[in-house]
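Q:
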Amino acid sequence: MSQSHEILFKTLADPTRRAIFERLCRDGDQTVAALTARAGVSQPAVSKHLGVLKQAGLVRDRHEGRNTHYSAELGALAPLIDWTNQMAGFWQSRFDNLEDLLKRMDQ
1053 MSQSHEILFK TLADPTRRAI FERLCRDGDQ TVAALTARAG VSQPAVSKHL GVLKQAGLVR
1113 DRHEGRNTHY SAELGALAPL IDWTNQMAGF WQSRFDNLED LLKRMDQ
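Position one of the sequence shown corresponds to residue 1053 (the working numbering), numbered consecutively onward.
1. Could you name the residues of the same chain whose beta carbon sits closer than 6 Å to that of Ala1128, not counting the 5 residues immediately before and after it, in chain order?
2. Three Cβ pairs or more, each shorter than 8 Å: is that satisfied between the segment 1085-1098 and the segment 1055-1063?
3. Are the segment 1144-1159 and the segment 1116-1124 touching, with three or more C-beta to C-beta distances below 8 Å?
4. What span of residues does the beta strand (DSSP E) with Asp1113 cover, start to end?
5. Entirely within the segment 1069-1101 and at least 4 residues each: give me those alpha helix (DSSP H) ranges in chain order.
6. Specify the secondary structure class of Ala1128 as computed by DSSP and reduced to three states.
7. Starting from Ala1065, trace the alpha helix (DSSP H) in both directions and tell me its first and last residue.
8. Please report the Cβ distance between Ile1072 and Leu1105, rounded to the nearest whole angstrom; I am assuming they are in contact, meaning their Cβ atoms lie under 8 Å.
Structure, rendered in structure tokens:
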């Protein structure tokens, strides 16, 4: 697994961070205050999670006056999508082989 995969998996492994990312994906552009209101953790914790997400390339920020708006970078998930597709192909071939074996055993 490449380093970019590792970074993305580690970043999204935290349930709070994953929830913040999912909210940005679902609801679009959000301020730190808006994210904090529904995150169940403190504003400094949300800011720290956003920093980790930004470092991993999963979110980008935009400053507007005193507020910072965050949005999801969906393209950053491409390595995970590629990896998932590879794993799906791997397991599909394994299941096909198992099916063939079971059919031969039934004969």
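Beta carbons are placed, not taken as given, at the ideal position from N, Cα and C, and that holds for glycine. Just so you know, these numbers come straight off a predicted model, no measurement behind them.
A: On the basis of the supplied data:
1. Translated into positions along the sequence shown, residue 1128 becomes position 76. Correct list, in chain order: Gly1109, Leu1110.
2. Inter-segment contact for the segment 1085-1098 and the segment 1055-1063 is absent: fewer than three beta-carbon pairs are separated by less than 8 Å.
3. Segments in contact, no.
4. Along the sequence shown, read from residue 1 onward, the residue named residue 1113 stands at position 61. Residues 1111-1116.
5. Segments of the alpha helix (DSSP H) lying fully in the segment 1069-1101: 1084-1091.
6. Your numbering for residue 1128 matches position 76 in the sequence shown. Three-state result, Ala1128: helix.
7. If you number the sequence shown from 1, residue 1065 lands on position 13. In this chain, the alpha helix (DSSP H) harbouring Ala1065 covers 1055-1065.
8. As a first step, residue 1072 must be located in the sequence shown, where it is residue number 20. As a first step, residue 1105 must be located in the sequence shown, where it is residue number 53. Right, the Cβ-Cβ distance comes to about 7 Å (below 8 Å), so this counts as a contact.
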